[in-house]
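To keep things clear, I will list the structure first and then write my remarks on it.
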DNA sequence: ATAATTTTGAAACGTTCATTTCAAATAAAA
DNA sequence: TTTTATTTGAAATGAACGTTTCAAAATTAT
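Protein chains in written order, with my numbering: chain A, 2 to 194; chain C, 2 to 194.
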């Protein structure tokens, strides 16, 4: 009976995510989102429920999208260490591809609203825990395979990699020199060998 | 002849910096700044020239303040490597002291407006270059003293430390567990040994 | 066709925004 | 005390903000 959603949900989210990524949450206006998505104001409210809600949806969509990309790329990994190398290369590619890199949407969210909205903080903490677990698993695999040293536990190296990646993504916003970025990657990885 | 400024400039800047640090640039309103500084609206415009100008002044003041703190703490350093350890401990202290850590004002600025206002981008690039040079010098010193390995050049390790510190400061926003943070520091430093 | 339900467009909501205005208060120099 | 320059306070400015409203258009199942 009802009229059904006509717009392409994925496209709308992609566009909205792009706005939030470029401007951050606070600087992104509802008008920016209307313009980018092509949706009507009220349609956004009907279908996504306000700015904060849309932002959360974008964060989740960004997370899912990245997780897919990572899984895809890492399926070719020869071992745990190589998987981490491929992961950093993926980030490097993203930084170099964008003329004006805006870093990681989620890391940007940490610095912009890390300790403000509880809903956001919750998402960020879950993301952090999940990502550290993911990294720790790769470390453990690499250690079992003999490619990563056992100076530290998988959890400890997982924390280190998490922190390193956040730094790398942030550094890439200002620094787009490929040699410099490759140097940083090499040094991060060297620690594990 | 003229009436002179009555307010304490340092206090006003400290208060304004605190507002920007907690909320970021965009979420900080002029009213927040009026409330925090105790100054009148027009006094802020007369003496500091608008929000963006005040923000820039706060960034510079934050930079200077931190540079002093660092120089102070690092004057006791036994060698180049120890200086870097003391530096990371200084950041750790800051994270643990604040109940709700907001990271580094300048790193937050990178992610919020790293590629938007040219005046800001310029400041951030100068800050980055200066900081990497500072770190590279410590590395070089540590290498000459035999405390830091020579697997990479001072410049390369300086880049690595810069990226690592950015990551550490961002990680501290979400993660306030002392053990976890200490682990990260230990691993970063281990790379240099 | 008719009925049911949603999207859509445009306007309006009340708030808050950064910034300006300007007369009054202030204080140091003449 | 008068002059001079500045700060101050309070109000006003107009634009932009996120959100709501609601009648009209649209679309699908009956």
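Even glycine gets a Cβ: it sits at the ideal position worked out from N, Cα and C.
Here the structure is a predicted model, which means the values were calculated and not measured.
Rounded C-alpha distance that separates residue i from residue j
{"i": "residue 153 of chain C", "j": "residue 68 of chain A", "result": "32 Å"}
{"i": "residue 130 of chain C", "j": "residue 86 of chain A", "result": "26 Å"}
{"i": "residue 185 of chain C", "j": "residue 46 of chain A", "result": "42 Å"}
{"i": "residue 134 of chain C", "j": "residue 156 of chain C", "result": "8 Å"}
{"i": "residue 40 of chain A", "j": "residue 119 of chain A", "result": "28 Å"}
{"i": "residue 163 of chain C", "j": "residue 132 of chain C", "result": "7 Å"}
{"i": "residue 159 of chain C", "j": "residue 59 of chain C", "result": "26 Å"}
{"i": "residue 57 of chain A", "j": "residue 42 of chain C", "result": "35 Å"}
{"i": "residue 77 of chain A", "j": "residue 12 of chain C", "result": "57 Å"}
{"i": "residue 70 of chain C", "j": "residue 17 of chain C", "result": "19 Å"}
{"i": "residue 48 of chain A", "j": "residue 100 of chain C", "result": "37 Å"}
{"i": "residue 121 of chain C", "j": "residue 147 of chain A", "result": "46 Å"}
{"i": "residue 54 of chain A", "j": "residue 15 of chain C", "result": "34 Å"}
{"i": "residue 73 of chain A", "j": "residue 127 of chain A", "result": "22 Å"}
{"i": "residue 181 of chain A", "j": "residue 190 of chain C", "result": "20 Å"}
{"i": "residue 52 of chain C", "j": "residue 79 of chain A", "result": "52 Å"}
{"i": "residue 75 of chain C", "j": "residue 10 of chain C", "result": "28 Å"}
{"i": "residue 50 of chain A", "j": "residue 44 of chain C", "result": "40 Å"}
{"i": "residue 136 of chain C", "j": "residue 94 of chain A", "result": "26 Å"}
{"i": "residue 65 of chain C", "j": "residue 36 of chain A", "result": "41 Å"}
{"i": "residue 8 of chain C", "j": "residue 21 of chain A", "result": "39 Å"}
{"i": "residue 61 of chain C", "j": "residue 38 of chain C", "result": "18 Å"}
Distance between beta carbons of residue j and residue i, contact taken as under 8 Å
{"i": "residue 81 of chain A", "j": "residue 142 of chain A", "result": "3 Å"}
{"i": "residue 145 of chain A", "j": "residue 194 of chain A", "result": "Actually they are not in contact, since the Cβ atoms of residue 145 of chain A and residue 194 of chain A sit about 15 Å apart, beyond 8 Å."}
Any C-beta of chain A under 8 Å from that of residue i
{"i": "residue 89 of chain C", "result": "no"}
{"i": "residue 163 of chain C", "result": "yes"}
{"i": "residue 125 of chain C", "result": "yes"}
{"i": "residue 96 of chain C", "result": "no"}
{"i": "residue 28 of chain C", "result": "yes"}
{"i": "residue 18 of chain C", "result": "no"}
{"i": "residue 192 of chain C", "result": "yes"}
{"i": "residue 169 of chain C", "result": "yes"}
{"i": "residue 142 of chain C", "result": "no"}
Residue-level contact to chain C via CB, residue i, 8 Å cutoff
{"i": "residue 59 of chain A", "result": "no"}
{"i": "residue 139 of chain A", "result": "no"}
{"i": "residue 43 of chain A", "result": "no"}
{"i": "residue 150 of chain A", "result": "no"}
{"i": "residue 113 of chain A", "result": "yes"}
{"i": "residue 25 of chain A", "result": "yes"}
{"i": "residue 10 of chain A", "result": "no"}
{"i": "residue 14 of chain A", "result": "no"}
{"i": "residue 174 of chain A", "result": "yes"}
{"i": "residue 103 of chain A", "result": "yes"}
{"i": "residue 177 of chain A", "result": "no"}
{"i": "residue 157 of chain A", "result": "yes"}
Distance CB(residue i)-CB(residue j) smaller than 8 Å
{"i": "residue 102 of chain A", "j": "residue 19 of chain A", "result": "no"}
{"i": "residue 63 of chain A", "j": "residue 34 of chain A", "result": "no"}
{"i": "residue 192 of chain A", "j": "residue 171 of chain C", "result": "no"}
{"i": "residue 1 of chain C", "j": "residue 188 of chain A", "result": "This structure gives no information on residue 1 of chain C, because the portion of chain C shown stretches from 2 to 194."}
{"i": "residue 123 of chain C", "j": "residue 174 of chain A", "result": "no"}
{"i": "residue 199 of chain A", "j": "residue 84 of chain A", "result": "Since the first residue of chain A shown is 2 and the last is 194, residue 199 of chain A is not available in this structure."}
{"i": "residue 97 of chain A", "j": "residue 179 of chain A", "result": "yes"}
| Using 8 Å as the threshold, is the segment 15-33 of chain A in touch with the segment 15-34 of chain C, meaning 3 or more CB pairs across them? | Touching, per the Cβ criterion.
| request: State whether the segment 98-115 of chain C contacts the segment 166-174 of chain C, with contact taken as three or more CB pairs (one from each stretch) at a distance under 8 Å. | output: yes
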